[in-house]
Ligand SMILES: Nc1nc2c(ncn2[C@@H]2O[C@H](COP(=O)(O)OP(=O)(O)O)[C@@H](O)[C@H]2O)c(=O)[nH]1
Ligand SMILES: [Mg+2]
């Protein structure tokens with residue numbers, strides 16, 4: 262009783278203390294956005310567009326890239342655009358969940374971000390169960406999670422939806438479709454390259470395959486339709502109506518069909534400076550031809566050429582389309598560092614030999630000296646997620 266009285270008096274005393282005139286602000290949660298989609302779908306382009314949008318609103322933005330290997334074109338390209346970028350290399354976010362968390366925390370070290378936007382590896386799926394829900398369950402006090410938004414790659418997607426020939430096996434197509442199946446928002450990207458009737462028929466095909474999903478059409482490159490994408494990303498995550506069922510054997514085999522190569526090269530001229538855009542594009546063109554001869558379908562081949570002052574990037578996203586420069590510089594240089602990131606349906610050792618051969622040939626044509634630096638080539642290992650929320654909603658680690 263005595264104790265109760267004491268507690269009661271303490272309580273009363275507490276009640277009498279006036280509230281502080283300047284209450285400490287409650288830490289608001291950081292918005293966490295994840296943009297998924299197959300290799301070459303336009304994720305990095307979308308990240309940059311989103312980041313520019315939020316920066317223009319005066320918000321602090323941090324970006325996170327992810328890959329199976331090191332020396333990422335995406336990281337270099339986004340940093341060049343002035344963004345703060347953390348990188349999770351070595352495996353996908355699902356297998357590097359703790360590294361993803363560390364990277365998110367590091368991005369908050371210098372300046373507390375309002376928004377964090379992440380791009381998972383383009384061959385990764387099951388992200389709701391292995392990243393989004395674990396993040397929500399374990400750190401929902403720190404992160405407010407946006408709907409998983411998946412960019413649809415028309416170059417391969419059109420054929421995959423109609424079971425046409427893509428150059429990939431059905432197991433790689435399985436990953437592409439699982440990415441869409443778990444998406445909370447689907448964005449048919451690159452509509453600037455499509456006719457209106459193609460956009461309509463693609464939207465219809467995606468809708469009939471995945472009924473009930475939010476489906477938008479946009480151009481991450483040109484901006485068309487992007488305000489609707491931003492609106493969808495800013496909405497609350499929809500309630501989960503069903504959890505993705507996925508066969509990890511098939512997923513792992515589909516991923517392992519892709520030869521992965523990340524490599525650094527220095528190209529230097531003893532005499533006249535060379536045009537950086539021209540050499541970057543010529544390298545992708547040569548590699549495209551070599552891939553075609555070997556019958557290796559490119560999922561995404563990127564080459565970035567850079568000096569401390571400038572950058573040029575060329576991409577190849579399908580065997581059916583020419584290589585294109587996505588970032589041009591117009592500069593002539595004496596020496597530049599090149600990053601080559603290739604993900605193709607083919608043998609990684611053959612791919613490495615092909616890259617070495619084509620770099621040397623290119624150097625011969627342009628009278629440059631080529632130094633091939635760090636090179637990693639492999640098939641992605643079986644995904645072993647750190648956490649996974651099971652079909653009954655339990656977090657398993
Ligand atoms: N025409 C067009 N090209 C796009 C669009 N979005 C991305 N791309 C191009 O597609 C290629 C792959 O884009 P990227 O953002 O690197 O794809 P990621 O692999 O999903 O990150 C690059 O050449 C981009 O310039 C788009 O909306 N329209
Ligand atoms: Mg990317």
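In the numbering used here, the protein residues as written are 262 to 658.
Ideal Cβ placement from N, Cα and C applies to all residues, glycine included.
Could you give the uninterrupted runs of the alpha helix (DSSP H) lying entirely in the segment 281-325, keeping only those of 4 residues or more?
You should have 304-317.
Quick check: what's the CA-CA separation for residue 333 versus residue 459?
Whole-angstrom Cα-Cα distance: 33 Å.
Going by DSSP, what residue range makes up the beta strand (DSSP E) through residue 576?
Run containing residue 576: 572-577, per the beta strand (DSSP E) assignment.
For residue 487, tell me which candidate among 376, 461, 447, 574 has the shortest Cα-Cα distance.
The option with the nearest alpha carbon to residue 487 is 447.
Would you mind reading off the limits of the alpha helix (DSSP H) that contains residue 512?
First-last of the alpha helix (DSSP H) with residue 512: 509-517.
Which one of 476, 502, 567, 374 has the shortest CA to CA distance from residue 291?
Closest option to residue 291, Cα to Cα, is 374.
Thinking C-beta only, is residue 471 closer than 8 Å to residue 506?
No, these two residues do not count as a Cβ contact at 8 Å.
Which runs of the beta strand (DSSP E) spanning at least 3 residues fall entirely within the segment 423-498, listed in chain order?
Here the runs fully enclosed are 446-449, 475-478.
Does DSSP put residue 355 in a helix, a strand or coil?
Correct three-state label for residue 355: coil.
By DSSP, does residue 377 sit in helix, in strand, or in coil?
Of the three classes helix, strand and coil, the one that applies to residue 377 here is strand, per DSSP.
Taking the DSSP output, what are the residues bridged to residue 600?
Paired residues: 525, 565.
CB-CB under 7 Å to residue 645, same chain, minus the five flanking residues each way: which ones, in chain order?
These residues qualify, in order along the chain: 356.
To the nearest angstrom, report how far apart residue 209 and residue 642 are at their CA atoms.
Beyond the ends of the chain as shown, which are 262 and 658, falls residue 209; an answer cannot be given.
Would you decide whether residue 298 is buried or exposed? Buried here means 16 or more other CB atoms lie within 10 Å of its CB.
The residue in question, residue 298, is buried, as its Cβ has 16 or more Cβ neighbours within 10 Å.
I need the DSSP call for residue 620, collapsed to helix, strand or coil.
Helix.
Nearest CA to the CA of residue 620: which residue from 372, 477, 634?
Measuring from the Cα of residue 620, the nearest candidate turns out to be 634.
Taking DSSP's pairing of strands, which residues face residue 588 in a bridge?
574.
Looking only at DSSP bridge pairs, what is residue 657 linked to?
Bridge partners of residue 657: 649.
Using 8 Å for Cβ pairs, my map puts residue 606 next to residue 577. What's the rounded Cβ distance?
Residue 606 to residue 577, Cβ: 13 Å. No contact.
Look up residue 636 in the DSSP assignment and give the residues it is bridged to.
Partner(s): 524.
Closer than 8 Å is the cut-off here; do at least three beta carbon pairs connect the segment 625-640 with the segment 495-503?
Segments in contact, no.
Taking 7 Å as the cut-off, is the CB of residue 303 close to at least one heavy atom of ligand 1?
Result yes, Cβ under 7 Å from ligand 1.
Pick out whichever of 575, 489, 399 has its Cα sitting closest to the Cα of residue 585.
Checked all of 575, 489, 399; the closest Cα to residue 585 is 575.
Give the C-beta separation of residue 537 and residue 597 to the nearest angstrom, bearing in mind that I take them to be a contact with Cβ-Cβ under 8 Å.
With 8 Å as the limit, residue 537 and residue 597 qualify as a contact, their Cβ atoms being about 6 Å apart.
Within 7 Å: the Cβ of residue 388 and any heavy atom of ligand 1?
No, Cβ of residue 388 sits at least 7 Å from all heavy atoms of ligand 1.
Which class does residue 415 belong to by DSSP, given the choice of helix, strand or coil?
Here residue 415 sits in helix by DSSP.
What number of angstroms, rounded off, separates the C-alpha of residue 480 from the C-alpha of residue 449?
Looking at the two C-alpha atoms, the distance is approximately 8 Å.
Under three-state DSSP, which class holds residue 554?
Helix, per DSSP.
Under a three-way DSSP split, which group does residue 272 fall into?
Its pLDDT being 37, under 50, residue 272 is placed unreliably by the model, and nothing is read from it.
Can you determine whether any heavy atom of ligand 2 sits closer than 7 Å to the C-beta of residue 332, and answer yes or no?
No - ligand 2 has no heavy atom lying nearer than 7 Å to the Cβ of residue 332.
Quick one: Cα of residue 438 to Cα of residue 639, how far?
Their backbone Cα atoms lie some 24 Å apart in a straight line.
Relative to the alpha-carbon of residue 526, which residue among 554, 636, 351 has its alpha-carbon at the smallest distance?
With distances taken between Cα atoms, residue 526 lies closest to 636.
Regarding residue 444 and ligand 1, is the C-beta to nearest heavy atom distance less than 7 Å?
No.
Hey, residue 398 and residue 656: beta-carbon distance below 8 Å or not?
In this structure, residue 656 lies closer than 8 Å to residue 398 by Cβ.
Could you give the distance in angstroms between the alpha-carbon of residue 658 and the alpha-carbon of residue 589?
Roughly 45 Å separates the two Cα atoms.
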